[in-house]
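Trainee: Each residue of the sequence shown is one higher than the one before, starting from -11 at the first, in this note's numbering.
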Amino acid sequence: MLATSGPTGATEAIMLAHGFSARLLASMARVGLVTGAIGTMRAGARLMQVRRLGITDAGRRALADALTRNTPPQQPLPSRRRPST
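Put into structure tokens, the structure is as follows:
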């Protein structure tokens, strides 16, 4: 997802909507696979602050290595879903 999101990356909200957990995103940032930056986005007449995430060179290398081995990239921390209420 981030590898194909272009130079501006993707918003955290989009990543969460695609099933990435906040914990996974935070751990990927902690180990240097992604970077995050706060930016402003316009939605209609409203301006809002969003966190944009972009893949780093280390993240691209990890992805390329995983694809070369034909195995999924290992997640820094397991993604845990919260039980539905």
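We treat Cβ as the ideally placed atom computed from N, Cα and C, and that holds for glycine.
Considering only the beta carbon of each residue, do residue 51 and residue 13 sit closer than 8 Å?
Mentor: Looking up residue 51 in the sequence shown gives position 63. Looking up residue 13 in the sequence shown gives position 25. In this structure, residue 13 does not lie closer than 8 Å to residue 51 by Cβ.
Trainee: When the distance is taken between beta carbons, is residue 39 closer than 8 Å to residue 24?
Mentor: On the sequence shown, residue 24 is found 36 positions in, with the first residue counted as 1. On the sequence shown, residue 39 is found 51 positions in, with the first residue counted as 1. Yes; because the gap between Cβ atoms is below 8 Å, this pair is in contact.
Trainee: If you reduce the DSSP assignment to three classes, tell me which class residue 20 lands in.
Mentor: Position 32 of the sequence shown, counted from the start, is the residue given in the question as residue 20. If DSSP states are grouped into helix, strand and coil, residue 20 belongs with coil.
Trainee: Can residue 43 and residue 22 be called in contact, C-beta distance under 8 Å?
Mentor: Locating residue 43 in the sequence shown gives position 55, counting from the first residue. Locating residue 22 in the sequence shown gives position 34, counting from the first residue. Cβ distance < 8 Å, so residue 43 and residue 22 count as in contact.
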